[in-house]
Structures are given as C-alpha cells and as structure tokens.
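Asker:
2 protein chains.
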Amino acid sequence: MAQQEAQQRRASIHDVASQAGVSAATVSKVLAGVTTVKPENAQRVLDAVELLGYRVDPLASDMRRAKRRIIGAIMPEFESEFFGQMVSELEGLAEQRGYTLVAASSRESEAREKEILARMHDWRVAGVVLAPVRNEHGPAAGFMKANGMTGVLIDRVLADDAFDTVSADSAAASAEVARALVSQGHRHVLVVGLGQQAATVRARLDGFRKTALELAPDIRIDVVLCESDVGPLRTLLRDYFSKREDGGDRPTAVYSLFLKGTLVALSEFRRRGWHCPNDISLVGFDDAEWMQVTWPAIAAVVQPVREIAANAIEVLFRRIEGERGPPRARLEPCKVFMRESVGSPGSVPHSGGGDRQ
Amino acid sequence: MAQQEAQQRRASIHDVASQAGVSAATVSKVLAGVTTVKPENAQRVLDAVELLGYRVDPLASDMRRAKRRIIGAIMPEFESEFFGQMVSELEGLAEQRGYTLVAASSRESEAREKEILARMHDWRVAGVVLAPVRNEHGPAAGFMKANGMTGVLIDRVLADDAFDTVSADSAAASAEVARALVSQGHRHVLVVGLGQQAATVRARLDGFRKTALELAPDIRIDVVLCESDVGPLRTLLRDYFSKREDGGDRPTAVYSLFLKGTLVALSEFRRRGWHCPNDISLVGFDDAEWMQVTWPAIAAVVQPVREIAANAIEVLFRRIEGERGPPRARLEPCKVFMRESVGSPGSVPHSGGGDRQ
DNA sequence: CAACAGCGAAAAATCGATTTATCGATTATG
DNA sequence: CATAATCGATAAATCGATTTTTCGCTGTTG
C-alpha cells in the first residue's frame, strides 16, 4: 500500500481540486489562508489534502515569486568550530522565520565565492549572509551590489558602504589581551597571524599594538604574518625562533590572531620542548572546546558567535522587509579567557638560552 | 550602466530569442547542445546570450524535470571537525559532477531529520547522503524508503536492507586499540561513550571487548555509556572515579568511543590532577587537529573522512544513474595513532590512592 | 422590475523554461 | 512532374503552482 503510494506520482493541486470538487484556484486560496472561501469548501479541501498527502511543490510555487524563502550562507570553510557553529546558528534562526538556509563554502577562494553568489542569485535567494575570504572589498561584494542582492557581510569585515556588516570587536579584544600581557610583565611579544588581507587581522594587530604601546612604551612587538596557508606560517615561525634561540632575546609571549596560528605555535613549542606558561605564554584569537581540557588550558579570545549570527539575521531580515537607510557596521564584544597558558615571564627560568632580565 | 542593468529585470529566454531573431525553442536547443540548429542561428543565439548576460533560470528549467541536479546532505551537527570535513568533502565531490550540495543539520534529533528529508523530497533532490542521529533503523530511513528516494546512509550505521551504507570500520579500529592497550600491559580499562543507540557504538564496544578478552582473558572492562547529551556523561564519569578513588582499583586506561567523551575524560583528569600517560592512559575515537599539538599528544582513532565521503558519493551516483541490485554495506578502515597519552601502567606510580600490583 | 453591488468560485493568464507537434521550404524519388 | 522525405524552425503544450479576470448567482435598491 505504502509502496504503491510511493510509486504513483505526487499529488498536484489539481488532484486535490478534483478530489474536493472545487477548482485549483480555490485550493490555493484555502492553503494561503484567504478567508473568502465558504467554510464547507475549505473543509473539503483540507480533507482532500489530508487524504492525498498533498504538499505544495516549492518549485512551482516559487516560480512566480521574485524572491524565495531561502537564505544563502557562504563561509570560507566548514571545518572549524567557529564557522560550524555559525552555520548552525544561522540555520536555526532562518528556520525560525520560516526560511531555509542553504550553506556553501568558498574554500578560501574569492573566485568560488563569486560563483556561489551567482548560483544563489539564480536561485533567487531572499538574502545572503556572506563571510568573505578576505574583506568587504572583494569581487563577491561587488557582484552582490551589481545585481541588487540583499545581504550582510560578517566576520572578516569592518564597515562597508553598500552592505551592513556584523563582526567581532577584534580591536577591543586585542586591547584586552594587550592589557593582560603587559600587566603580567611581558615586554616582548610575538604576534602571529594568517590572512594578511583579512580586514580583521589589521584590526586585531593594531588594537593590540596601540594598547600595548600605551601601557608599556618600551614593549617590543614582533610580527609574523602570512597569507591564508598554514604551511608557510609553520616555516616562518620555525625560522623566527631559530634565529632567536641563541641570542636569548626571544619573546616571553605569543599572541596568535587566528586559530590555526595558535595550533602552529603550540606545535612549534612542542618541537622545542617549551611548556606554557613557564617557558613562554600563549594567547589565541578564537576559542575551541578543547582549550579548556588540555593542560595547560589555552588562553583565548572567544568570539560571540551567537550574537554575530543573531544580529546578522536580524539586520538581514530588516533589509529583506524593505528597510532603507545607510548600511550599519556592528561590532559585537568578545570575551577574553586568560587561562593557564599565560603567566608572568621569568617566574620560572626558561629552559633554553640565556635570559636577559 | 551596470546599475541600470541591476535594476531592470533578469533576461528570460524569450528576450534572448527576440534579440537573436529566433524562437525560444531554438534558444533552448542551442543551450542544450542540440545539433540540428543552423550554425548561423546558433551563433546569433550565443551572441544574444552574451549581450544580455542571460543565465538559465534553474527554477523554471527544473520544473518539468523529475529530479534536479541537487544532492541533499543531512548531518547530526555542523560543529565538529568530522562532520565539517564531511560536508566539505561531499560538497566538492558533488560539484565535480555538476551537482549542488544542500546541507542541513538534524541537531541530533530524529524528528528534525525527517522534516528535513521531507523538505528535500519537496525539492526533488536527486539523492541524499544521510548521517542518521542514531542508526539505520530510524524514521528518516523509513521516510526515504516510503517515498522512493535515492540515498546513502553513512557514519552511525552498519548495514541496511534498503540503502547502501558507508562507514568507518569501528570494530577493526577498536580491536587495534585493544591490542595496543593490552600489549602495553593494561588490564583494567574504562570504555566511555555517548549515543548508546548509535549503531557504531556497539560495534566499537564489541570490537574492543572481543579482542581485549582474546588477548587477555583476565582483563577488566568497565563501561560508562549514556545517551547523546554530554552533561550526564560528565556526572557519570565523576561518580565512576569517585567510587574508585579510595579503593585504588581504578582503571589504568580510558578508551572513549566519541570525541565528546574524550573531552569529558580529559576534563575529568584535569579536575583530579591526573596526567597522561603517567597517571592514566587515554585513547579516543575521532581525531582532531589539536590532538597533535597538546602535551601530551592525544592518541586517537582517525576516521577516513575523505574515503567515506568519496565512497558515499560514488555509490549514490551509481544509484542515481539507475543501478539496481541489493544494497551494499561498505566499511572503510581507520588509522590508529598511538600518541603520548598512552603508556604502560605502573611505570610511574599513580599520584593518588594505593596501587594493587 | 430593471439595474447594480457583493460574494464566492471557476476560468484564464502567468512565471520561464523544455519538449512535442506542426509547418513550410527544400531536396530526393518514382 | 507530382509526391515523399528531410531539415530547420516555430507554435503550442506542459510542468504546478499563483494571481487576475470573468462569471453566475443572490440580494438590495431606486
């Protein structure tokens, strides 16, 4: 029986109409909640729908609509906790409003980013949440503007003159990290980062540098940055420490601006047999579940994923509903968790090299 | 200019037709690659397409098709590295074949799983890759079967009589873990797991138990399992160790059957001040990037994500292309990395309680 | 009592493509 | 030379809904 049902084709609105003894237009109206239908007929329609197991065909239904109840999301990748949570949040929020989220990953490629956008445009998505690979000035944002798409930019963006933006307040968080490290006595810090072109990297770096120099003008800040790939960073970091191994002028703390940088730093510490925080302190931008359970627990800046997602969806739907006005740039505050990987320098002698102070 | 283009409505096939001075049918044929079109006309069509920036409307195009070039993917969650990688792989493989992947997360709920499937059915997806919350016998698989959908089940499944399945060879991996632990001298192991009902949990547990008992009949295997949520497991684990704290008969190694269990175990070790592998050894099912950079590095079973994804897509497309025959259950071998978190028991005295041997 | 307003529902147009049937012109064949 | 076959292209039907227009009927009103 159920098998037969499976074989026979899906019921259309006309099947429902003839079953109920009315026209297709009437069925459509009943299902749309129009009140100018005789209650008796409405009931017959509902019964027929029930009997035939009818479901509206979204393809046909959306055909005449300018916009479908679909939100597109484009993330640089799916593998990290941050973007995974982001997609999850966005999906939930979109569905709360009766929309379906369609997510795609740009795989850190701006070309793909644009292709995906074109596809979503073809699909007539009502709006797009775009987490660009680099920043708000890429070709993807240009495509969206040129095609009159509705969208919000999140994460690696600051402010844009065409779209609303929502991101973590990287500068403020970095300032807090700077305060913490300086107050612990650190006067030589290495800042490590990936994605040189990302809008937020500069904000994080500047935020750290500005506050650190304010509080301790004599502080020395080294910077190792490289573009998107993790391999080169590993090499750069190794070279950086190799050069300073003998001189003994190596930093007492490392601040990584991205999760992968934190992993690379930890891996380099391991290789050299350094322990946190005795041999060196470590703070990373981006938190992860595991950072609380390792020994030492890793200090980290926690990005407000839920808040970013909630705000992005909020502002996106306002635009979808037709709100005008200049785009707004929103910054959500981060939390900084100074865990065990941060300590005072020199409290325990470094395991290798001489120490200056 | 570009702005004007943005405002005016999207070009339809009729616009292209009149621009090229032919009928819409001819345009359709040119774009579909039909050869019975005069080369001259074909060129005019292509020129018009170029001029108007025409793109086929997928909604209208798919309307008459029974199946769209879309693959659905349903994962229990998006937050973990495993499923994040899985979605990423599936997306890439689907696009290689000219299909679009639409991913959704069931949030560990079988009800949602079925709703999403219904939605995907409405969307006329060509096939579905379903990673069920529990196992292959849930309502989702039933829905797929009842509606004649094409699909593959992955991850938390063993074998099914209606659908092909692809998963990691949990039993073999667990056997290897058992061999490693026994050969290191462990004779009292705690196995920790989440998701009691997942098909793979039983396989992992049985695989471990069978091999461990074969190699060391006197081995003692304790088991702490609980359903999907991580909170209860934390409590269970705390109680488990509290009871054994004084008696001194606590296990020398913990084998966690899921990533979250590994985190909970580590967290409990931290709380008690136990270090791996001196105080206790730890192996977890599911690898993560961070496990290589912590100190100690955490031993883990690495699931072959790429292989599972590749096989799932492979077998799915075979079915989409009409292959008949009974469903096949495929097991992909795991790799086991015995990292520093595993050592021999008693090589260093436990930090607390008495030791028996 | 004719004209008209109001109501509910059916008929028809529409969305934008694909596919089938049809048609006219040219070429081949008896 | 008349008819058939072939070719290229157009007209029309189709997919399954929504939306607009039309229509028939009832009840009101001048």
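Order-wise, the sequence lines are chains A and B. For the first sequence, this note's numbering assigns the number 1572 to the last residue and increments by one with no breaks. For the second sequence, this note's numbering assigns the number 1572 to the last residue and increments by one with no breaks. We treat Cβ as the ideally placed atom computed from N, Cα and C, and that holds for glycine.
1. Taking a cut of 9 Å between CB atoms, which residues from the region 1432-1451 of chain A lie near chain B?
2. For the putative contact between Ala1387 of chain A and Pro1548 of chain A, defined by C-beta atoms under 8 Å, what is the C-beta separation to the nearest angstrom?
3. Who pairs with Leu1345 of chain A in a beta bridge, going by DSSP?
4. Do three or more CB pairs link the region 1490-1501 of chain B to the region 1461-1473 of chain B at distances below 8 Å?
5. State yes or no: is the beta carbon of Leu1274 of chain A nearer than 8 Å to at least one beta carbon in chain B?
6. Against Val1302 of chain B, what residues of chain A qualify as contacts under a CB-to-CB distance less than 7 Å, listed in chain order?
7. So is His1352 of chain B in contact with chain A if we call contact Cβ pairs under 8 Å?
8. List the residues of chain A that Glu1504 of chain B touches, going by C-beta distances under 8 Å, in chain order.
9. Going along chain B in order, which residues have a C-beta closer than 8 Å to the C-beta of His1490 of chain A?
10. Quick one: which chain B residues come within Cβ less than 7 Å of Arg1270 of chain A?
11. Using C-beta distances below 6 Å, list every residue in its chain close to Ala1527 of chain A, excluding the 5 sequence neighbours before and after it, in chain order.
12. Which residues in chain A sit within 9 Å of Ala1468 of chain B, going by Cβ to Cβ distance?
13. If we count the other Cβ atoms within 10 Å of its Cβ and call it buried at 16 or more, is Asp1283 of chain B buried or exposed?
14. Let me check understanding here. Comparing Cα to Cα, which of B:Glu1504, B:Gly1540, B:Val1551 lies closest to Ala1514 of chain B?
15. Per DSSP, what are the beta-bridge partners of Glu1547 of chain A in this structure?
16. Considering only the beta carbon of each residue, do Ala1355 of chain B and Lys1329 of chain B sit closer than 8 Å?
17. When you compare each of A:Ser1385, A:Pro1447, A:Gln1311, A:His1352 to Lys1425 of chain A by their alpha carbons, which one comes out closest?
18. Rounded to the nearest angstrom, what separates Ala1221 of chain B and Met1364 of chain A at their Cα positions?
19. Taking Val1372 of chain A as the reference, which of A:Glu1391, A:Asn1350, A:Val1438, A:Asp1337 has the closest Cα?
20. Please determine if the region 1472-1490 of chain B and the region 1396-1411 of chain B are in contact, where contact requires at least 3 C-beta pairs separated by less than 8 Å.
21. Let me check understanding here. Comparing Cα to Cα, which of A:Arg1543, A:Ala1431, A:Glu1442, A:Ala1480 lies closest to Tyr1455 of chain A?
22. Can you find a CB in chain B that lies within less than 8 Å of the CB of Gln1507 of chain A?
23. Just the C-alpha distance for Arg1280 of chain A and Lys1244 of chain A, rounded to the nearest angstrom, thanks.
24. Helix, strand or coil: how does DSSP classify Ala1413 of chain A here?
25. Should Thr1251 of chain B be labelled buried (16 or more other beta-carbon atoms within 10 Å of its own) or exposed?
26. Quick check: is the beta carbon of Ser1482 of chain A nearer than 8 Å to any beta carbon in chain B?
27. For Val1271 of chain A, which of B:Asp1337, B:Ala1544, B:Pro1511, B:Ile1434 has the nearest alpha-carbon?
28. Can you give, in chain order, each stretch of the beta strand (DSSP E) that sits fully within the region 1463-1536 of chain B and has at least 3 residues?
29. Quick one: residues in its chain with C-beta nearer than 6 Å to the C-beta of Arg1465 of chain A, no 5 flanking neighbours on either side, listed in chain order?
30. Work out the CA separation of Ala1512 of chain B and Gly1268 of chain A for me, nearest whole Å.
31. Roughly how many whole angstroms lie between the Cα atoms of Pro1541 of chain B and Ala1377 of chain B?
32. Compare the beta carbon distance of Ala1374 of chain B and Ile1286 of chain B with 8 Å and say whether it is the shorter of the two.
33. For a test of the three-state rule: what should DSSP assign to Met1553 of chain B, helix, strand or coil?
34. Could you check if Glu1265 of chain A is buried or exposed, using at least 16 other CB atoms within 10 Å of its CB as the buried criterion?
35. Roughly how many angstroms lie between the CA atoms of Leu1396 of chain A and Gly1422 of chain B, to the nearest whole one?
36. Hey, would you say Gly1299 of chain B sits closer than 8 Å to Phe1532 of chain A, going by beta carbons?
Answerer: On the basis of the coordinates in this document:
1. So the list is empty, because no residue satisfies the distance condition.
2. 6 Å
3. A:Ile1289, A:Leu1368
4. Touching, yes, given that three or more Cβ pairs across the two stretches are closer than 8 Å.
5. yes
6. Phe1293
7. no
8. Leu1478
9. Trp1510, listed in chain order.
10. By Cβ distance, chain B contributes Asp1337.
11. Val1344, Val1367, Ile1369, Val1381
12. Chain A residues near Ala1468 of chain B: none, gap ~17 Å exceeds 9 Å.
13. The identity of residue 1283 of chain B in the sequence shown is Arg, whereas the question assumes Asp. It counts as buried.
14. B:Val1551
15. DSSP output for Glu1547 of chain A lists A:Ala1383 as bridge partner(s).
16. yes
17. Considering only alpha carbons, the answer is A:Ser1385.
18. With a pLDDT of 45 at Ala1221 of chain B, under the threshold of 50, the modelled position of that residue is not reliable, and the figure given next carries that caveat. So the alpha carbons of these two residues sit roughly 9 Å apart.
19. A:Asn1350
20. yes
21. When each option's Cα is compared against that of Tyr1455 of chain A, the closest is A:Ala1480.
22. Answer yes: the Cβ-Cβ gap between Gln1507 of chain A and chain B drops below 8 Å somewhere.
23. 16 Å
24. Note: Ala1413 of chain A maps to coil in three-state DSSP.
25. exposed
26. yes
27. B:Asp1337
28. 1468-1471, 1496-1500, 1514-1517
29. Arg1459
30. Going from the Cα of Gly1268 of chain A to the Cα of Ala1512 of chain B covers about 55 Å.
31. 8 Å
32. no
33. Assignment of Met1553 of chain B by DSSP, reduced to helix, strand and coil, places it in the coil class.
34. exposed
35. The alpha-carbon atoms of Leu1396 of chain A and Gly1422 of chain B are separated by roughly 49 Å.
36. no
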